[in-house]
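Asker: Questions regarding the structure given below will be posed in turn.
Number of protein chains: 2
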Amino acid sequence: MTSVRELAQGARAGARVLGTLDRGRKDAALRAIADSLRASAEEIYRANRADLERGRAAGLSEAMLDRLSLTPSVLDSTARGVEDVARLPDPVGGRRDMRRLANGLLVGRQRVPLGVVAMVYESRPNVTVDATALCLKAGNAVLLRGGKEAASSNQALGRVIQRALGDTDVPPACVQIVPATDRDGVRELLSLDDLIDVAIPRGGEGLIRFVAENARVPVVKHYQGVCHLFLDAGCDHARAVAITLNAKVQRPGVCNALECLLVHEQAAESLLPVVAQALREAGVELRGCPRTVQLVPEARPAEDSDYGHEFLSKVLAIRVVRDLDQALEHVARYGSNHTEAICTESYERAERWLREVDASCVVVNASTRFNDGGQLGLGAEIGISTSKLHAYGPMGLEELTAEKWVVLGQGQVRE
Amino acid sequence: MTSVRELAQGARAGARVLGTLDRGRKDAALRAIADSLRASAEEIYRANRADLERGRAAGLSEAMLDRLSLTPSVLDSTARGVEDVARLPDPVGGRRDMRRLANGLLVGRQRVPLGVVAMVYESRPNVTVDATALCLKAGNAVLLRGGKEAASSNQALGRVIQRALGDTDVPPACVQIVPATDRDGVRELLSLDDLIDVAIPRGGEGLIRFVAENARVPVVKHYQGVCHLFLDAGCDHARAVAITLNAKVQRPGVCNALECLLVHEQAAESLLPVVAQALREAGVELRGCPRTVQLVPEARPAEDSDYGHEFLSKVLAIRVVRDLDQALEHVARYGSNHTEAICTESYERAERWLREVDASCVVVNASTRFNDGGQLGLGAEIGISTSKLHAYGPMGLEELTAEKWVVLGQGQVRE
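Protein chains in written order, with numbering that gives the first Met the number 0: chain A, 0 to 414; chain B, 0 to 414.
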């Protein structure tokens, strides 16, 4: 069997060719992948059925089986996603900020691929295709290490993709399925710092911590989304209710959903009961500070562990705060640098929020749910970063590239 | 004694205050540091003499003692360096690419400090001050872990800096000297991923590998500079000689100096003897491929280990190559992604070099020595990165920051 190192060497060699291809050749390869996914649907379903049967026998939950399942509609939307990426502009090759220096040198930056990306993810097999499309478009080779439960599906998708690339200018070695063995295999992959430029883990916190702790290669990651919304004194009540409701219940299980509501004490008496009623009608369980419980008797008293907690369900922590400063302190202490929103009519407090909150996305008068590559206009995203190195927030095509310096001279030497 | 974790907690708390200060307050703090360095010169010299005496007793080389020494001229240029940083524009707070989306949201990016930077470096105590100035200006707190040889000097510089900050709006806790104990202390520092945003090692390859292998925090680094220059067929001979000479001998001991010369076989017969003579007159030892030795009998035959080697001295490897493709292959195999130059009159080959070479700085018709923050117009640099994550090339103030997303709404929620 090919070793992980050999797969990575293949990817590295492929990346050297891919990195210099023009947009037209990369887009043609993406369209070939989309066509091939559709033409090979039966082969893919067969492999997926094998995973589903094994999963059922192993007692996977219905939710897990649902994530694992490649239905015709999932496969079609996955193929269309690849075509959408082909339509996005090429992030690579442009130069910017070219300045002429006193000595006549023209210097600036040129955007280049990262090289080789290692994706480490869990059960959803469509990530295999989504990540491939974004990496190839950005000129990167990709090593795909999905979950054991999806092993057959991922192998089949990999075969289909490599076959499709065989008729294009993109070397098939640019897309490598790393066999899903045990965690030692992941550890080996993450140790290849001479061959891999970045690892991007996607999945539960356990997987991400494992990657962060074992990687010798750089990792771009986020652990969790403990998102807050601060309802300021004097904010518009109708907006406050609509934003709170949307942020909490539109899709409670995702990382940009609301987990904790902060309410200015001057707004609490009139606003909090209204907000709480809307939330309760939407089936949300409320856990509040003593002042919250006074104003909303149906709320359960919050434990300290309810603050800073990522519920990912219809549970919301609530706290009445003295002022903006206390709200900022709460967010600094309990937030996870993901998405933090304020609802306010005050110019000064909006600007202070925007400036002082340290989060990948800081929002005024809108739902936390907008922190998403598609919603922010990136076209697509490969993940989200809550650490500030390299990327902070949704990672689109540009975040899968770097910039090198270029120096154009006429014989200049240094004094 | 205060633990490393406590020092980092202090830095983190300081960073929260520093991160929101306006330029005027940060610059005033930098000027206070410069003044205080001058006013406290005697205290600094005394501590430095103690280090020098200990170093002499321990048998440090003259070169090491020289790097360790804080003379009046070094101290003055260090203080002036701090004032220079105060004059640079503030990298923090600006917004860019603010676009209005179909739903009326105005979204874009706002530049923010990284937070807490950990510098790990070797003997030069002036790095303590240079890194402090750049980190503070970019709104970051800094943990300074210098070498054991400079322990007294660094402690004295830290005292002087913290004293100066006492009269400013920058919390003195933003600058922390981490005691130089053993490598376990460095390992502990590098494990604090809840408190430190990035580690920047500066020094020999051994130190940098130690940091890269032991860090749980992100690391921005470069191992070595194995820089090439390719003399193309038809290039200008006078330029070729001048650039080769400058790149190799102007300062052979630094990372952007030339280590290997590649010569197109069509240019070799007429050009290589001329270049070789100029190099020999400058005292450079030549190690060449068989064709080189035919044309330049004084050159020693090169071993394979001479290619990809960072000599950091007046030794140069030379290889005659068939064409641009072979030059590109050589650079991809033996280069270190640092600085790669071509001397050419061909538009097509210049553009291919710029596009296909993967290095932090790619140069046409100029010396490799220009890959330097000061030379490229960054004002100052804190290090150089040869990995593509976060920064690629010299790291100035902007590379000590990140960008968060800002979303300005009027009550928008997600459908």
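Backbone N, C-alpha and C fix where the C-beta goes; we use that ideal spot for every residue, glycine too.
Compare the C-beta of residue 357 of chain A against all C-beta atoms of chain B and say whether one is closer than 8 Å.
Answerer: yes
Asker: Kindly indicate the opening and closing residues of the alpha helix (DSSP H) around residue 32 of chain B.
Answerer: Boundaries of the alpha helix (DSSP H) around residue 32 of chain B: 22-38.
Asker: Against chain B, does residue 380 of chain A count as a neighbour if the rule is that its beta carbon must be under 8 Å from one of theirs?
Answerer: no
Asker: Assuming residue 334 of chain B contacts residue 358 of chain B (C-beta within less than 8 Å), just tell me the rounded distance between them.
Answerer: Yes, residue 334 of chain B and residue 358 of chain B are in contact; Cβ-Cβ is about 6 Å, under 8 Å.
Asker: Give a yes or no on whether 8 Å exceeds the smallest Cβ distance from residue 411 of chain A to chain B.
Answerer: yes
Asker: My output table needs one value for residue 410 of chain B: the three-state DSSP class, helix, strand or coil.
Answerer: strand
Asker: Curious, which full-length alpha helix (DSSP H) runs of at least 4 residues does the segment 230-266 of chain B contain?
Answerer: 236-248
Asker: So, at 8 Å on beta carbons, what are the nonlocal neighbours of residue 67 of chain B in its own chain, with the 5 sequence-adjacent residues on each side left out?
Answerer: 47, 50, 51, 54, 59, 122, 123, 124, 148, 149 and 152
Asker: Is residue 72 of chain A close to chain B, meaning its C-beta is less than 8 Å from at least one C-beta of that chain?
Answerer: Judged by the 8 Å Cβ criterion, residue 72 of chain A is not in contact with chain B.
Asker: If we define contact as Cβ-Cβ less than 8 Å, is residue 196 of chain A a contact residue for chain B?
Answerer: Residue 196 of chain A counts as touching chain B.
Asker: Residues of the segment 247-267 of chain B in Cβ contact with chain A at a cutoff of 7 Å, in chain order, please.
Answerer: Within the segment 247-267 of chain B, the residues whose Cβ lies closer than 7 Å to any Cβ of chain A are, in chain order, 249.
Asker: Take residue 408 of chain A as the anchor and find which of B/331, B/239 and B/401 has the nearest alpha-carbon.
Answerer: B/239
Asker: Which residue from A/282, A/162, A/323 and A/271 puts its Cα closest to that of residue 250 of chain A?
Answerer: Nearest of A/282, A/162, A/323 and A/271 to residue 250 of chain A, Cα basis: A/282.
Asker: Report the neighbours of residue 114 of chain A on chain B: residues whose CB is nearer than 8 Å to its CB, in chain order.
Answerer: 357 and 387
Asker: Would you list, in sequence order, the uninterrupted beta strand (DSSP E) runs of no fewer than 3 residues that lie entirely inside the segment 257-322 of chain B?
Answerer: Every beta strand (DSSP E) stretch that sits fully inside the segment 257-322 of chain B and reaches 3 residues is listed by chain position as 257-263, 284-287 and 314-320.
Asker: Are residue 258 of chain B and residue 316 of chain B closer than 8 Å when you measure CB to CB?
Answerer: yes
Asker: Roughly how far, in whole angstroms, is the beta-carbon of residue 263 of chain A from the beta-carbon of residue 322 of chain A, given that I think they are within contact range, below 8 Å?
Answerer: Contact holds; Cβ gap of about 7 Å.
Asker: Which word fits residue 386 of chain A, buried or exposed, when buried means at least 16 other C-beta atoms lie within 10 angstroms of its C-beta?
Answerer: Buried: at least 16 other Cβ atoms inside 10 Å.
Asker: Going along chain B in order, which residues have a C-beta closer than 7 Å to the C-beta of residue 366 of chain A?
Answerer: 411, 412 and 413
Asker: Please give me, in chain order, every unbroken run of the alpha helix (DSSP H) with length at least 4 that falls completely inside the segment 40-88 of chain B.
Answerer: 40-56, 61-67 and 71-86
Asker: I'd like to know whether the C-beta atoms of residue 138 of chain B and residue 17 of chain B end up nearer to each other than 8 Å.
Answerer: yes
Asker: Hey, does residue 217 of chain A have any beta-carbon neighbour from chain B nearer than 8 Å?
Answerer: yes
Asker: Have a look at residue 42 of chain B and residue 378 of chain B and give me their C-alpha separation to the nearest angstrom.
Answerer: 29 Å
Asker: Below 9 Å on C-beta distance, what does residue 19 of chain B contact in chain A?
Answerer: 351, 354 and 355, listed in chain order.
Asker: For residue 196 of chain A and residue 286 of chain A, I'd like the C-alpha separation in whole angstroms.
Answerer: 44 Å
Asker: Per DSSP, which one or two residues make a beta bridge with residue 403 of chain A?
Answerer: Bridge partners of residue 403 of chain A according to DSSP: A/109.
Asker: What does the alpha-carbon distance come out to for the pair residue 318 of chain B and residue 288 of chain B?
Answerer: 5 Å
Asker: Given 8 Å as the limit, is there contact between the segment 389-409 of chain A and the segment 88-99 of chain A, that is, 3 or more CB pairs closer than that?
Answerer: yes
Asker: Would the segment 337-354 of chain A and the segment 226-243 of chain A be scored as touching if the rule is three or more Cβ pairs under 8 Å?
Answerer: Yes: at least three Cβ pairs fall under 8 Å.
Asker: Could you tell me the boundaries of the beta strand (DSSP E) in which residue 98 of chain B lies?
Answerer: 94-99
Asker: Helix, strand or coil, according to DSSP, for residue 207 of chain B in the structure here?
Answerer: helix
Asker: Work out the CA separation of residue 168 of chain B and residue 127 of chain A for me, nearest whole Å.
Answerer: Distance between residue 127 of chain A and residue 168 of chain B, taken at the CA atoms: about 50 Å.
Asker: May I ask you to list, following chain order, the residues of the segment 73-95 of chain A that have a beta carbon less than 8 Å from some beta carbon of chain B?
Answerer: The residues in question are 92.
Asker: Measure from the C-beta of residue 222 of chain A to each C-beta in chain B and report whether the shortest distance is under 8 Å.
Answerer: no
Asker: Between residue 43 of chain A and chain B, is there a C-beta pair that is closer than 8 Å?
Answerer: no
Asker: Cβ closer than 8 Å: which chain B residues qualify as neighbours of residue 370 of chain A?
Answerer: 404 and 406
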